[in-house]
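Beneath this line is the structure, given in structure tokens, with notes to follow.
2 protein chains.
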Amino acid sequence: MEKRTKHPEPKCGIDYAFQRIGGKYKGRILWRLRLGTLRYGELRRTVTGVTAKMLTQALRELEDDGLIERKVYVEVPPKVEYSLTGPGRELLPFLAQLRDWAKEQMLVNHIEALPGSFLK
Amino acid sequence: MEKRTKHPEPKCGIDYAFQRIGGKYKGRILWRLRLGTLRYGELRRTVTGVTAKMLTQALRELEDDGLIERKVYVEVPPKVEYSLTGPGRELLPFLAQLRDWAKEQMLVNHIEALPGSFLK
DNA sequence: CCGCATCCATGTGGATACTG
DNA sequence: CAGTATCCACATGGATGCGG
Numbered sequence: 050m051e052k053r054t055k056h057p058e059p060k061c062g063i064d065y066a067f068q069r070i071g072g073k074y075k076g077r078i079l080w081r082l083r084l085g086t087l088r089y090g091e092l093r094r095t096v097t098g099v100t101a102k103m104l105t106q107a108l109r110e111l112e113d114d115g116l117i118e119r120k121v122y123v124e125v126p127p128k129v130e131y132s133l134t135g136p137g138r139e140l141l142p143f144l145a146q147l148r149d150w151a152k153e154q155m156l157v158n159h160i161e162a163l164p165g166s167f168l169k
Numbered sequence: 050m051e052k053r054t055k056h057p058e059p060k061c062g063i064d065y066a067f068q069r070i071g072g073k074y075k076g077r078i079l080w081r082l083r084l085g086t087l088r089y090g091e092l093r094r095t096v097t098g099v100t101a102k103m104l105t106q107a108l109r110e111l112e113d114d115g116l117i118e119r120k121v122y123v124e125v126p127p128k129v130e131y132s133l134t135g136p137g138r139e140l141l142p143f144l145a146q147l148r149d150w151a152k153e154q155m156l157v158n159h160i161e162a163l164p165g166s167f168l169k
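Protein chains in written order, with my numbering: chain A, 50 to 169; chain B, 50 to 169.
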């Protein structure tokens, strides 16, 4: 094992942000942590479809980028807790807004896709 | 040539949104289009680092997802213009705030990385 | 319980050449 | 000008097994 992902030089703010939260699972991980601390296993169960490998990788990158904090309890059985940092928490309003947009889009697209929809 | 990308079933709103705008260049493309219509060549020059292949692919997916509109002028030389649709425009406040967050993070991280910073 | 190591399939993305 | 077509390197991501 060696280096953890190093981002290429961002071209602008939008680029910088997407390098940090643009992964396949990172948005959902941050969103799951909005209500407070979660253990590794809880994240793995609630972020459906993620494998242990990808979850660990995403968590490490989020940690390296200062968006989440990783706290290890040295005990048996092991316990590791993840929580948002200040910068990570600042992303929540944007994610909420994005979620609202998505919910509206899903509704509209679903209605338009219906056969014989009254909107057509 | 055949099928253009089909998204897997989204797990939630956050997932849905990132499937549509989460690519390597999509955020920057949408952001560049915030001020109005742009031609293909203009996009290619201003979205630095993108190749023709990837730009075309991203534009097609954004079009399929209803976030941008593609308008072809049948003339010589050819001319193709891209602009945001209604749903695409609704993403701009999100991108603007994300950009603000990123600018702040870049500033803070840069200061902390300086040797002998007064913040340390 | 929370990972890491390894192998392997598939996807992403760049370089180059070509076209209506 | 605005793309396609082809080739290929590398990254992403899944499956499985092992370890503190």
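Here a beta-carbon is modelled for each residue, glycine too, at the ideal position from N, C-alpha and C.
- Apart from sequence neighbours up to five positions away, the residues of its chain that approach B/Leu92 with a beta-carbon distance below 7 Å are Ile78, Arg81, Leu104, Tyr131, ordered along the chain.
- By the Cβ test, the region 120 to 138 of chain A is in contact with the region 83 to 90 of chain A, since at least three Cβ pairs between them sit closer than 8 Å.
- Between A/Ile63 and B/Leu116, the beta carbon gap of about 15 Å keeps them out of contact (Cβ cut-off 8 Å).
- DSSP places B/Glu130 inside the beta strand (DSSP E), whose first and last residues are 128 to 133.
- For A/Met103, none of the residues of chain B pass the 7 Å Cβ criterion, the least Cβ distance being about 14 Å.
- Closer than 8 Å to the CB of B/Asp64 there is at least one CB belonging to chain A.
- Annotated three-state conformation of A/Glu124 is coil, per DSSP.
- With its beta carbon at least 8 Å from every one in chain A, B/Leu133 lies outside the interface.
- Using a Cβ-Cβ cut-off of 9 Å, A/Glu118 is close to nothing in chain B; its nearest Cβ partner there is about 16 Å away.
- Contact with chain B is found for A/Pro136, since one of that chain's Cβ atoms lies less than 8 Å from the residue's Cβ.
- A/Gly71 places its beta carbon 8 Å or farther from that of B/Gly137.
- Of all residues in the region 138 to 154 of chain B, only Glu139, Leu140, Pro142, Phe143, Leu144, Gln146, Leu147, Arg148, Asp149, Trp150, Ala151, Lys152, Glu153, Gln154 place a beta-carbon less than 9 Å from a beta-carbon of chain A.
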